[in-house]
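Under the UniProt record's numbering, the first residue of the sequence shown is numbered 1, with each subsequent residue one higher.
Backbone N, C-alpha and C fix where the C-beta goes; we use that ideal spot for every residue, glycine too.
See structure below.
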Amino acid sequence: MLGLSPLDYFHAELLTQWSPSVTLIATPNSGDSSPHMDLLTKAGVEVIHGEPARIAADGSTCTAVELVDGRSVPAEAVVVHPPIDYTSDIADDLGCVRLDDDAIEVSELGQTSVAGVYACGDIARRSSAPSGMHFIARAVSDGLNVGAVLNQELTFNDIQAKAAP
Numbered sequence: 001m002l003g004l005s006p007l008d009y010f011h012a013e014l015l016t017q018w019s020p021s022v023t024l025i026a027t028p029n030s031g032d033s034s035p036h037m038d039l040l041t042k043a044g045v046e047v048i049h050g051e052p053a054r055i056a057a058d059g060s061t062c063t064a065v066e067l068v069d070g071r072s073v074p075a076e077a078v079v080v081h082p083p084i085d086y087t088s089d090i091a092d093d094l095g096c097v098r099l100d101d102d103a104i105e106v107s108e109l110g111q112t113s114v115a116g117v118y119a120c121g122d123i124a125r126r127s128s129a130p131s132g133m134h135f136i137a138r139a140v141s142d143g144l145n146v147g148a149v150l151n152q153e154l155t156f157n158d159i160q161a162k163a164a165p
């Protein structure tokens, strides 16, 4: 696995469910590996620090990850968890609170820190939820829930406005 962010130490641990042989190539973007080393070692994950130069292949079969410093790390497959880059500034312009992974902080109903502003999908998560959980099914489910909550809020606000003296 190519470690492109600190979250990839966690991803490497998860990969031990799929293979008895997992190697994490920790790039400088992976951050400090020391807090993770004990658990990774116990899980059987080999951690190699380096910068990948290219993936070597024999035809269409992956054989190794070649590092910038000339080392070659044997590999039958390479897993990459690309970092998410939130490109919209709308949440920042509105004053929404961001979490450490840059996701918009939301309640279980999708409410942001700004009244009347909701968010869902890959760009939003509760602070109690783990980062890196980007799945289409979750985004669809969150969208359905937030849509229902927003519809109720708009409907009830409209009814209250009509009922006001």
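Ordered list of alpha helix (DSSP H) runs contained in the UniProt domain "FAD/NAD(P)-binding" (37 to 139), each at least 4 residues: Note on the UniProt domain "FAD/NAD(P)-binding" (37 to 139): whole alpha helix (DSSP H) runs with a minimum of 4 residues are 37 to 42 and 90 to 94, in chain order.
Local Cβ density within 10 Å of Thr112, reported as buried at 16 or more and exposed below that: Label assigned to Thr112: buried.
Given 8 Å, three or more beta-carbon pairs between the stretch 73 to 82 and the stretch 92 to 104: Below 8 Å, too few C-beta pairs join the stretch 73 to 82 and the stretch 92 to 104 to call them touching: fewer than three.
Paired residues, beta bridge with Leu2 - DSSP: For Leu2, which the question treats as bridged, DSSP gives the partners Ile25 and Val80.
Under the three-state DSSP convention, the category Gly31 falls into: The answer is coil: DSSP assigns Gly31 none of H, G, I, E or B.
Contact with chain C by Val146, beta-carbon distance below 9 Å: Absent here is chain C; the protein component of the structure consists of one chain.
Proximity to Gly143 [Cα-Cα], best of Cys96, Cys120, Gln152 and Asn151: When each option's Cα is compared against that of Gly143, the closest is Cys120.
Member of Val114, Asp85, Asp58 and Ile84 whose CA lies at the smallest distance from the CA of Pro74: Check the Cα spacing between Pro74 and each of Val114, Asp85, Asp58 and Ile84: the tightest is with Asp58.
Classification of Ala115 by the beta-carbon crowding that lies within 10 angstroms, buried from 16 upward: Label assigned to Ala115: exposed.
Residues of its chain near Val149, where Cβ-Cβ distance is below 8 Å and the 5 sequence neighbours each way are ignored: A distance below 8 Å between beta-carbons, with the five flanking residues on each side excluded, links Val149 to the following residues of its chain, in chain order: Leu109, Gly110, Gln111 and Tyr118.
Simplified DSSP assignment, three categories, for Gln17: In this structure, DSSP gives Gln17 a state outside helix and strand, which the three-state scheme calls coil.
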